[in-house]
Each structure stands twice: as structure tokens, then as C-alpha cells.
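Working notes for the structure below.
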Ligand SMILES: [Zn+2]
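Residue numbers (this note's numbering): 3 to 499.
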């Protein structure tokens with residue numbers, strides 16, 4: 003890119019013309035549903051299995067076979083629809099999308115064309131924009147064609163027929179950052195409702211971007227599709243390349259360079275998008291109703307049952323954590339990023355009655371324990387430490403039995419072994435010394451020869467007390483309660499006045 007742009011909000015201001023260009027972005031996201039078997043056959047769905055071992059006559063398109071719809075796929079798809087506030091259709095239908103390619107042995111894909119199972123709804127982005135959804139439909143995945151073997155193309159049909167939902171957004175986004183926020187929010191929702199893992203590394207979430215640019219306030223121009231972006235970073239980088247490319251083309255005045263309706267691919271290594279083919283219209287696919295499947299009828303009671311299975315969604319939780327529990331936006335984000343962590347936090351906060359302390363312990367120590375290779379746990383639920391134990395630890399600190407350094411030590415042991423905090427405190431002799439007599443002896447010793455501290459405190463410079471608290475803590479091997487120590491020191495200093 004030769005031209006320079008200054009960005010102001012969502013506008014890209016051209017250095018040469020001063021024009022304020024605004025991108026128009028819509029996303030189509032394919033997400034794999036967490037079903038055990040494929041959408042229309044009983045083949046197992048498993049990532050990383052040897053090629054072509056998870057296939058059968060149905061998903062390889064043998065003549066005479068018939069598809070049978072996977073009920074779980076429909077349940078999961080409906081949960082996503084409800085979570086984004088979409089309207090679930092009482093009746094929808096499946097269609098054949100016809101095309102010829104080596105990864106689709108049937109020469110058609112079963113999808114939903116003019117009557118998808120849900121329409122409308124939308125997603126609130128953290129930065130404030132509300133992105134409307136046009137529709138979501140259910141469809142089967144294609145196989146995988148592997149082209150990097152010299153002259154050969156290899157085909158793996160393990161993925162052929164796997165259940166997907168495709169979410170189509172309105173072109174409501176205006177920046178690469180908003181596109182990434184949308185992807186993150188959608189991924190979070192899919193995971194929260196248990197509809198899928200949405201792991202981009204495993205190809206469980208893939209997105210196509212539609213993007214055009216226009217001078218601010220002017221009508222939309224021709225959009226270009228960038229296909230098969232398989233990470234949030236690729237999506238952002240593809241847009242960061244494509245937006246200035248389109249602007250430069252328009253500003254060149256050379257009509258042959260103007261964006262045309264086409265499909266482009268993002269070359270990850272070169273960081274550029276390249277023409278793949280001119281974009282097909284719907285008519286190129288010769289859609290027609292799938293004759294082997296009846297219409298999909300969803301009763302109200304079925305839909306309501308799925309609604310009953312929804313949990314509170316991440317955005318709503320964050321709001322509640324901020325407004326009702328007084329947590330910071332940052333803490334709320336850390337706790338809600340994974341649903342199991344949020345659930346764990348809520349259990350511990352309910353037991354401890356101290357949400358802020360609970361949040362701090364989780365953010366600083368518990369999640370760190372998850373990352374520790376010596377602790378074998380891949381999710382918070384697998385940790386030896388349970389919410390009840392954290393609540394107990396917080397109570398020990400709050401009641402003054404345990405000071406914060408001792409609490410850290412106890413936490414480390416709890417994370418490794420799951421031992422109960424009270425037992426650990428007793429076993430290691432970590433209780434704070436509350437014995438007034440002992441504390442007073444240490445305090446008097448600490449004040450000996452510290453006339454300046456006494457004088458300073460008497461003169462109202464209470465800060466000077468710290469110089470006497472230190473020696474007491476040392477004498478008690480860290481077991482004195484610093485708050486009590488300060489009280490006793492002040493009493494002694496006051497006595498002799
Ligand atoms: Zn199969």
C-alpha cells in the first residue's frame with residue numbers, strides 16, 4: 003500500500019484527497035455444532051481422526067441412501083438462535099445447494115435457502131455497536147481438500163456432513179476491530195449455550211467477510227467477499243489490507259481497478275487478498291428443496307424447552323457483576339471469558355459473601371494455578387481446589403485468623419492438593435497471634451530505644467508507627483495481626499504521656 007491513511011473513529015481519511023472513507027462490513031460465520039454424530043448420518047464427529055475413517059454411504063453420497071436429521075443439532079441451533087434474540091420459525095425447510103467440487107461427493111450440500119430456521123436478532127458489541135443478524139441456518143459441512151502435495155489434491159471426507167450453523171449478519175460493522183469484537187462475542191455465545199466449542203484452530207469457527215467502502219454519507223458501493231478466514235487475526239488483517247486496497251482503487255480514478263463483485267482469498271503469509279473467482283449469485287447454485295427431507299417443524303414447547311436450558315449470557319453477567327457485585331469491568335471480563343470460571347466464581351462468591359475478594363483470588367491465583375504445568379487441570383472444575391475452600395480461606399483472612407502472606411502460602415498448597423484451609427493453617431502454625439499478653443511484650447520491646455517513634459506519634463505523625471510494627475511482626479515470625487499490633491502500640495505510647 004502506497005497511500006497513507008489517518009484513522010478517525012471508523013473513517014479512513016485519505017492523505018492525498020482528504021476524503022473520509024467508511025468501510026461497510028458484514029460477516030458470515032460457520033460454526034460447528036457439538037454433536038456426537040454428523041448432521042444426516044450416524045458417523046462419529048472427531049477432530050484429528052485418520053483421513054476418511056469417519057464416513058459412510060450417506061455422507062459420501064452413495065446412490066440410494068437417505069439423510070436422517072440429527073435432533074441434537076436442531077436443539078443446539080435453536081439455543082443459539084434464542085441466545086441472540088432471533089425468531090425461530092415454526093416451519094422451515096432444507097434445500098440442495100448444487101455445485102461440483104472434489105470435497106463434496108454428492109455434488110450438492112444440504113443447506114437452508116429461502117426458509118431458514120431462524121431470522122433476526124443481533125449481538126451487542128462491548129464497544130457499543132449493535133450488530134443485527136439477518137438469519138441463521140443449519141447446513142452440512144463439506145470435506146477437506148488438501149492442495150499442498152505438489153500436483154496431487156487429497157480429499158478427506160471425515161468433515162463431510164458435519165453439522166454447522168451459518169450466521170449471517172447485516173452489514174452493520176464499520177471497522178476491523180468491530181468485526182473481531184463481533185466474532186469474539188458470537189464465539190462466546192456459542193460456547194456459553196453449549197452449542198459448540200467454536201475453536202478456530204480446529205476449524206470449528208470459520209468466517210467469510212463482506213466488505214465495501216464508501217465516502218462518508220454516500221450510498222453503498224460494490225462489496226467484495228473474502229472467504230475462509232480461520233482466525234480472528236486473519237479476519238482483522240484481511241480487512242486491514244482490503245479496506246485501503248479498495249479506497250486506493252477508487253481514488254486512482256481507473257475504473258478497471260474499481261472493486262467488482264468477486265470472491266477473494268487472504269494469503270496469510272503475504273498478508274494480501276487475491277481474486278479467487280467472480281462471485282456466484284444464488285442462481286448459480288440452482289437451489290431446490292431437498293426432496294429426501296420433510297420440512298423442519300419446531301413446536302412451541304420444543305422451543306421453550308430449549309429456552310429453559312439457556313444460562314445467563316456473558317454480557318448480562320458482566321453487567322450484573324459490575325452493577326450488583328461492584329466488580330471492575332476488567333474483573334468482570336476475566337471472570338466471564340469462560341462459562342465454567344463464571345459459574346465457579348458465583349458459587350465461591352455466594353459462599354464467601356465477599357465477591358470482590360473472591361474475584362481477586364480467582365484472577366490472581368486460581369487462574370494462575372490452571373496455567374501451572376505442575377497442576378494437572380484443563381478447566382477450573384478439574385482443580386483440586388473447590389469454591390467452598392476458597393470461601394473458607396477468605397473467611398479465615400476476614401476474621402483475622404490468617405494474614406495475607408500466610409493466605410498466599412495456604413492457597414498455593416490448596417491449588418496443588420485440595421487440602422482444607424483450616425487444616426493447613428493449623429498444620430503449619432499460621433494462625434495469627436491474638437494473645438494480648440504476648441503481643442504487648444513484643445510491642446514494649448519494639449518501642450525500647452525508639453524514642454523518636456514515640457515522639458513522632460505523640461506529635462501526631464502516626465505514620466512513624468510503622469517503624470515499630472515491623473519489629474513486632476518479625477518477633478512474631480509474621481503471625482501477629484498487624485491491626486492489633488498498631489492498636490496496642492498506640493495504647494502503650496498513650497499511657498506514658
Ligand atoms: Zn456418514
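Ideal Cβ placement from N, Cα and C applies to all residues, glycine included.
At which residues does the beta strand (DSSP E) containing residue 212 begin and terminate?
207-217
How about residue 106: is its Cβ closer than 6 Å to a heavy atom in ligand 1?
no
In chain order, what residues of the same chain lie with their CB nearer than 8 Å to the CB of residue 445, ignoring the 5 residues before and after it?
470, 474, 487, 490, 491 and 494
In terms of DSSP beta bridges, what is residue 231 paired with?
Looking at the DSSP assignment, residue 231 forms a beta bridge with 209.
What is the DSSP secondary structure of residue 136, reduced to helix, strand or coil?
strand
Below 7 Å between beta carbons: does that hold for residue 338 and residue 321?
No.
Using 8 Å for Cβ pairs, my map puts residue 170 next to residue 137. What's the rounded Cβ distance?
Sure, about 5 Å apart at Cβ, within 8 Å.
Among the candidates 72, 42, 443 and 74, whose CA atom is the shortest distance from the CA of residue 59?
42
With DSSP as the reference, label residue 310 as helix, strand or coil.
helix
Any idea which residues DSSP pairs residue 472 with across the strands?
None, per the DSSP bridge assignment.
Going along the chain, which residues put their C-beta within less than 5 Å of some heavy atom in ligand 2?
With respect to small molecules bound, the structure shown includes ligand 1 and not ligand 2.
Start and end of the alpha helix (DSSP H) containing residue 354?
341-354
Flag this pair as yes or no: are the beta carbons of residue 243 and residue 274 separated by less than 7 Å?
yes
Is residue 214 closer than 7 Å to residue 26 when the C-beta atoms are compared?
Going by C-beta atoms, residue 26 is nearer than 7 Å to residue 214.
What residue range is occupied by the uninterrupted alpha helix (DSSP H) comprising residue 458?
453-460
DSSP beta-bridge partners for residue 299?
93
Taking DSSP's pairing of strands, which residues face residue 32 in a bridge?
168 and 208
Taking C-beta to C-beta, are residue 85 and residue 191 nearer than 7 Å?
yes
Return the chain-ordered list of same chain residues with a C-beta closer than 6 Å to the C-beta of residue 364, the five sequence neighbours on each side being excluded.
347
Could you name each continuous alpha helix (DSSP H) segment of 4 residues or more that falls completely within the segment 352-405, going from the start of the chain to the end?
357-363, 369-373 and 389-400
Compare the beta carbon distance of residue 172 and residue 134 with 7 Å and say whether it is the shorter of the two.
Contact annotation: residue 172 and residue 134 have beta-carbon atoms nearer than 7 Å.
Counting along the chain, where does the beta strand (DSSP E) carrying residue 146 start and finish?
146-151
Under 7 Å Cβ to Cβ from residue 77, same chain only, skipping five residues before and after it: list those, please.
308
Between residue 181 and residue 12, what straight-line distance do the alpha-carbon atoms span, to the nearest angstrom?
12 Å
Can you tell me the Cβ-Cβ gap for residue 300 and residue 81, rounded? I've got them flagged as a contact below 8 Å.
Actually they do not touch by this definition, with Cβ atoms about 12 Å apart.
Look up residue 175 in the DSSP assignment and give the residues it is bridged to.
27
Does the beta-carbon of residue 69 have 16 or more other beta-carbons within 10 angstroms, so that it is buried, or is it exposed?
buried
On the three-state DSSP scale, how would you describe residue 20?
coil
What does the Cβ neighbour count give for residue 34, buried or exposed, with the cut at 16 atoms within 10 Å?
Around the Cβ of residue 34, a 10 Å sphere holds 16 or more other Cβ atoms; the residue is buried.
Report the CB separation of residue 45 from residue 29 in whole angstroms; it is logged as a contact under 8 Å.
Not quite, the Cβ-Cβ distance comes to about 29 Å (not below 8 Å), so this is no contact.
Excluding five sequence neighbours on each side, which residues of the same chain lie with their C-beta closer than 8 Å to the C-beta of residue 4?
Residue placement at residue 4 is poorly supported in this model, since its pLDDT is 48, which falls under 50; the coordinates still yield a value, given next. Cβ within range, chain order: 250.
So, are the CB atoms of residue 437 and residue 416 less than 7 Å apart?
no
Determine the DSSP secondary structure at residue 111, reduced to helix, strand or coil.
strand
Determine the extent of the alpha helix (DSSP H) in which residue 495 is found, giving its start and end residues.
484-497
Closest by CA to residue 143, which one among 409, 106 and 262?
106
Between the segment 444-464 and the segment 392-399, are three or more C-beta pairs nearer than 8 Å?
No: fewer than three Cβ pairs fall under 8 Å.
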